[in-house]
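*Asks:* Numbering (the numbering used here), first residue to last: 325 to 603.
Shown next, in the form of structure tokens:
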């Protein structure tokens with residue numbers, strides 16, 4: 325009698341383990357599907373997911389692909405592990421099959437719906453530019469006109485102050501690199517007309533940026549044309565979420581010698597070291 329009770333308890337515990345395992349793996353799949361769907365949203369949430377989860381505009385295409393594969397393969401491998409543990413149970417096999425059909429249906433629906441949503445410009449692309457124009461009429465955070473010096477090394481990127489996705493990463497990167505390369509000048513150029521000199525000065529103080537970091541803006545038509553050539557296509561500046569590519573230009577004066585769309589400290593640091601040797 326006692327052995328039957330113990331046997332019944334064991335079966336109950338195994339069944340509970342099977343149910344808990346199925347619930348947990350399905351929850352993991354649902355989180356992955358949610359992240360996958362959110363990347364298509366044309367708002368700050370979508371932009372943050374594309375950058376922080378997939379790495380668009382931060383890493384190379386290979387790393388973006390690796391992150392994507394890792395995200396999808398992790399719950400798939402966990403599912404296989406659970407199946408190998410409980411495959412002898414008819415209940416588990418049936419529930420496992422039904423849950424996988426359910427997950428596949430949800431993932432397919434999320435993918436179809438997501439692809440029907442207007443997917444914004446990806447944050448990374450191959451950029452071809454040989455020179456920064458001399459007619460941009462740039463002004464710094466103190467309201468002083470800025471001009472490129474042909475004898476100096478510059479690294480330039482574009483941002484806007486209300487950005488909560490890639491721009492904080494760009495500012496943090498410049499903050500670090502400006503300390504390592506005091507002889508280089510780092511330019512954070514705002515493409516948002518609302519970023520006046522007072523706002524730029526406030527940002528410089530907030531992030532404790534060095535003197536070799538300049539925050540610039542411009543209201544000139546030539547600057548707008550230059551941005552369009554770089555595929556900054558945003559025209560609605562009433563929103564706090566502006567879609568934009570991530571670009572870094574390393575230049576000798578206005579002459580561009582290297583471009584990248586990755587927010588990668590080591591890579592850009594190596595660019596600057598190599599370029600400094602050639603100077």
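Cβ atoms here follow ideal geometry from the backbone N, Cα and C, with glycine treated the same way.
1) Work out the CA separation of residue 394 and residue 509 for me, nearest whole Å.
2) In whole angstroms, give me the CA-to-CA distance for residue 516 and residue 391.
3) Just how far apart, CA to CA, sit residue 468 and residue 485?
4) What are the uninterrupted segments assigned as alpha helix (DSSP H) that are 4 or more residues long and contained completely in the segment 511–581, given in chain order?
5) Compare the beta carbon distance of residue 427 and residue 360 with 7 Å and say whether it is the shorter of the two.
6) Identify every run of the alpha helix (DSSP H) within the segment 357–438, keeping only runs that are complete inside it and at least 4 residues long; order them along the chain.
7) If contact is defined by three or more beta carbon pairs under 8 Å, each pair taking one atom from either stretch, is the segment 487–501 in contact with the segment 511–531?
8) Decide if residue 535 is buried, meaning its Cβ has at least 16 other Cβ atoms within 10 Å, or exposed.
9) Between the Cα of residue 518 and the Cα atoms of 441, 563, 512, 589, which residue gives the shortest distance?
10) Whose C-beta lies closer than 7 Å to the C-beta of residue 406 among residues of the same chain, with five residues either side of it excluded?
11) Rounded to whole angstroms, how far is the Cβ of residue 456 from the Cβ of residue 472, which I believe are closer than 8 Å?
12) Which same chain residues end up closer than 6 Å to residue 409 when comparing Cβ atoms and leaving out the 5 residues on each side of it in sequence?
*Replies:* The answer reads as follows:
1) Residue mapping note: residue 509 aligns to position 185 of the chain shown, counting from 1. Residue mapping note: residue 394 aligns to position 70 of the chain shown, counting from 1. If you take the alpha carbons of residue 509 and residue 394, they lie about 38 Å apart.
2) By 1-based counting over the chain shown, the position of residue 516 is 192. By 1-based counting over the chain shown, the position of residue 391 is 67. Between residue 516 and residue 391, the C-alpha separation is close to 31 Å.
3) Reading the chain shown from its first residue, position 144 is the one you call residue 468. Reading the chain shown from its first residue, position 161 is the one you call residue 485. Looking at the two C-alpha atoms, the distance is approximately 19 Å.
4) 521–530, 545–553
5) Reading the chain shown from its first residue, position 103 is the one you call residue 427. Reading the chain shown from its first residue, position 36 is the one you call residue 360. No, they are not a contact pair.
6) 368–373, 385–410
7) yes
8) In the chain shown, counting from the first residue as 1, residue 535 sits at position 211. So residue 535 ends up on the exposed side.
9) Here residue 518 corresponds to residue number 194 of the chain shown, with the count starting at 1. The residue with the shortest Cα to Cα distance from residue 518 is 563.
10) Taking the chain shown and counting its residues from 1, the one referred to as residue 406 is at position 82. For residue 406, where only same-chain residues beyond five positions count, the Cβ hits under 7 Å are 345, 349.
11) As a first step, residue 456 is located in the chain shown; it is residue number 132 there, counting from the start. As a first step, residue 472 is located in the chain shown; it is residue number 148 there, counting from the start. That belief holds up - the Cβ atoms of residue 456 and residue 472 are roughly 7 Å apart, short of 8 Å.
12) Counting from 1 along the chain shown, the entry for residue 409 is found at position 85. The answer is none, since no qualifying residue turns up.
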